[in-house]
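Please read the structure below before turning to the comments.
In my numbering, the protein residues as written are 212 to 1249.
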């Protein structure tokens, strides 16, 4: 190894070529690396969509979902499956087991069995979709009418459609554009039922007359002498009004009945079940989905550039508003990283200059650039993008990657001070510390590596963090051993006399430290007792912190969702009018410099992790998109509190439920409180759910209590008198088709207009759809063509349908959700314990009902368990590395004893900054366990060599030799600690901007290292001497 080090130390050109290549490749990759908001983690989920037109939720459950669930039960490798069933449709989500090594085989089996399930209704369609997290919506705009301007719905829709088509064709980075608030053009033929009765005409007559008139057909070939001609029958409509003159019936006495005699034709749009507003104005929303490998920022820039370039084509009465821009979050985070990294590098360089000569300081600082660029090359080769996690890792390693360079340069510098020639100083300086710096690097690697073993959603979300830290550390040690010695050697080879002037202050400080340490070591048992007392106190405080644990940082969100529910039977129009009062309250509370946009959907609510939405006319959802947290003073939680207070103050009426909630940033773990009740009996489930909701309302700090139970709307049930139907030659299919034509409408034909197909829909005129008597008097054709009134062959009754049915692993479920009031000391775990205590024997009161926890409670429980295992593995790995370094069993335990004391600094930091302990904070603490032992390795290694050189030392001599070793290692320990700490401090205090995703990690590391540096310099020598006292460390003594 010495020959390799000497080769690189004196071979200037080899090192120069390596450095230039790293810089060139690194810079190229820096500008080509993809940018995303969150890592594109594969979550192994499949969506199964079921379409069953005209079917009630119960019918879909019995006829489709239950058979599909039976198939899923037989497939090995599925962790859980859920189903959400509503009228006409259902959606199932299948999650695979985390431990699966071959997910492709399981997915293929699911595809095969879902598409080949026997016995399903013929008109039920099954679609299986494999979720791809890389295909995500990254940018959303709203097209709306300008204030003080007017525009027709047709003008708004036409421009939205044209813009949609142009963007999809001309912006290559966009995979698809989803439109909300837009309806396709449709020609409505509104029929008057009174005239239908007068003229004895059925819906089938109307539909067939239009269908048989609007035709273009090829009729074969006419073969004349010497030529052939194609025969074409043309009866197509030239314009919409042509449909008015279609003859429905004609008699021998030339009496004809036209469409215009019994119906009105309206050139309009499909009927909408959802209304959309942006900033309180009716709008069409375009959501842009990037292509799988497209860069988020480049995709959004391409869309913005197109919109800017074509700004002149926007109608004067319309405008385009930004609603959501995912690039803002990543830009803000990149800005935080850049500014804090620059500040950190400046502070690191100043620290280096103070302790080392300027040339060494420059080259050690230059090592940061080489390591960072090397890490970027690694990221590009492993498909790691710039995102919140990778950037957090880059900030974290900023101060750590100079540690090896500091130890090497300090040792070379100390040899040069002794007058050793430059090449020999470089060689000996590296070889002497190669063992300790390798061990210190691998202990840090050992601390972060087990994080890769954390499974589940959070494990996949955080996976890139340890990968980047580990790769950076390995690159840094190669840079410190092979590149740095050459740079120091070539910059000092002509210098025969290294000046020590200006460093006298350090020598005085080192002597002062030795005297203080001597005093402490004489009172070593008191010192140890004091720190043990601090540790016990910290453990007590940390137990309280763990009870306050939250999975994700609580202030990182930039989206607020308000879910509204009006009483059953409330019309879409009435819900829309009532929702406006909530929109007004929101717009008054959220300041203009905090708001990006407010978006409202009436008739629809997004259902979070279900990846879908439910449509009900009495539902609405107001979504508030905020500017990034780095650009506003108030957090999302503070704004939510203000909105809740304003809604309560205004006493907004007309809603049975108003839930204001935060949309979590990062992986969606669900609500803070999520209790799931499973069973077979829906009535018993409802009673149990009401009981749990009532209990939650008694717990102080629990707010926004809601459930997913929905009774749906009232149904008109058409039952049949089969004896009468037989007498009239009627069948059920004819009745169903007539009713569907009357109320849902039947597509009779279509025309081609501007390249698009526009349908003719035949249905009752709107004013007749509100009268039950019209339904009773519908004319239904029998098998002979005679028309029979519906009421003669059917019995019409009313009932309330099941609304929405939910399943989890085959059982019906109800989920009760709630949030926690900001600033309250209660945590999800505390609420879980209260619920478990209250409903330990839930089966006694509610037979067949089982209680499960989901959401943040479930994810927190999984994550904490896996983090605990990762921490134990990290400690074991660190211990094994230390055994290899010291070739001793006891000394590694002494160095490891510093780790628990490092918790003192981290816990103190969270208390000082008022931070809630989160998943990211614990990751920082795990990483701290590897970092804090590094200084101990450097110190103990030198003490061992000093004692080893002075064989047969007395106990008093060992006492002094420990002090000597600590004194000689004071500079590298201070330097490595100070550079790491000052590299992190700008991020801890948000000097160049802050990020709630990054701050918990760097805070734990900075404060933990700050405290353990003191421990290494003072407590570790005391523990070593105590071990000598107890005979645990045996040195040859006189």
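Just so it is clear, CB atoms sit at the ideal spot from N, CA and C, and this is done for glycine as well.
In this text, all values refer to a predicted model and were calculated from it rather than measured experimentally.
Residue pairing by DSSP places residue 480 opposite 396 in a beta bridge. Counting only runs of 3 or more residues that sit fully inside the stretch 225-274, the beta strand (DSSP E) segments are 256-262, in chain order.
Secondary structure note for residue 971: its beta strand (DSSP E) is the uninterrupted segment 967-975. Counting along the chain, the unbroken beta strand (DSSP E) around residue 306 starts and ends at 300-307. The beta carbon of residue 1184 lies closer than 7 Å to those of 1146, 1149, 1150, 1224, 1227, 1228 in the same chain, with the five residues before and after it left out.
Distance check between residue 476 and each of 971, 431, 1076, 996 places 971 closest, using alpha-carbon atoms only.
The beta-carbon separation of residue 448 and residue 364, rounded to 23 Å, does not stay under the 8 Å limit for a contact. One alpha carbon belongs to residue 576, the other to residue 631, and they sit about 24 Å apart. By the 16-neighbour rule on beta-carbons within 10 angstroms, residue 947 is exposed.
Assigned with DSSP and collapsed to three states, residue 750 falls in helix.
Secondary structure note for residue 560: its alpha helix (DSSP H) is the uninterrupted segment 537-566.
The beta carbon of residue 995 sits closer than 7 Å to the beta carbons of 940 from its chain, once the five residues preceding and following it are set aside; these are given in chain order.
Under the DSSP definition of a beta bridge, residue 488 partners with 493, 811. In the assembly as shown, residue 1121 is a buried residue. Its beta-carbon has 16 or more other beta-carbons within 10 Å. In chain order, 248, 249, 544, 1208 place their CB closer than 7 Å to the CB of residue 599, counting only its own chain and leaving out the 5 sequence neighbours on each side. For residue 776, the closest C-alpha among the options 314, 918, 721 is that of 918. Put simply, the backbone Cα of residue 1218 is about 26 Å away from that of residue 722.
Between residue 222 and residue 635, the alpha-carbon positions lie close to 14 Å from each other.
For residue 774, the number of other beta carbons within 10 angstroms of its own is at least 16, and it is reported as buried. The C-alpha of residue 925 is placed about 57 Å away from the C-alpha of residue 751.
For residue 856, the enclosing alpha helix (DSSP H) begins and ends at 847-861. For residue 965 and residue 865, the gap between their C-alpha atoms comes out near 44 Å.
Here the stretch 508-516 makes contact with the stretch 380-393; the two share three or more CB pairs at distances below 8 Å. In this structure, the CA atom of residue 1000 is about 11 Å from the CA atom of residue 936. Nearest neighbour of residue 1043 by Cα position, chosen from 1062, 1187, 652, 267, turns out to be 1062.
Residue range 569-592 is occupied by the alpha helix (DSSP H) that includes residue 586.
Contact check for residue 260 and residue 340: beta-carbon distance about 7 Å, within the 8 Å limit, so the pair qualifies. Under DSSP, residue 434 takes part in a beta bridge, and its partners are 439. Annotation: residue 627 to residue 1109 spans about 33 Å, alpha carbon to alpha carbon. The Cβ atoms of residue 659 and residue 647 lie no closer than 7 Å to each other. CA-CA distance, residue 352 to residue 532, rounds to 6 Å.
The beta-carbon separation of residue 1215 and residue 1088, rounded to 19 Å, does not stay under the 8 Å limit for a contact. Residue environment: residue 671 is assigned as buried (16 or more neighbouring CB atoms within 10 Å of its CB, all protein chains considered). Taking each of 422, 294, 315 in turn and checking the Cα distance to residue 962, the smallest one comes out for 422. Using a Cβ distance threshold of 7 Å, residue 884 and residue 1029 count as a contacting pair.
Segment contact: the stretch 392-399 against the stretch 498-505, fewer than three CB-CB distances shorter than 8 Å; contact not assigned.
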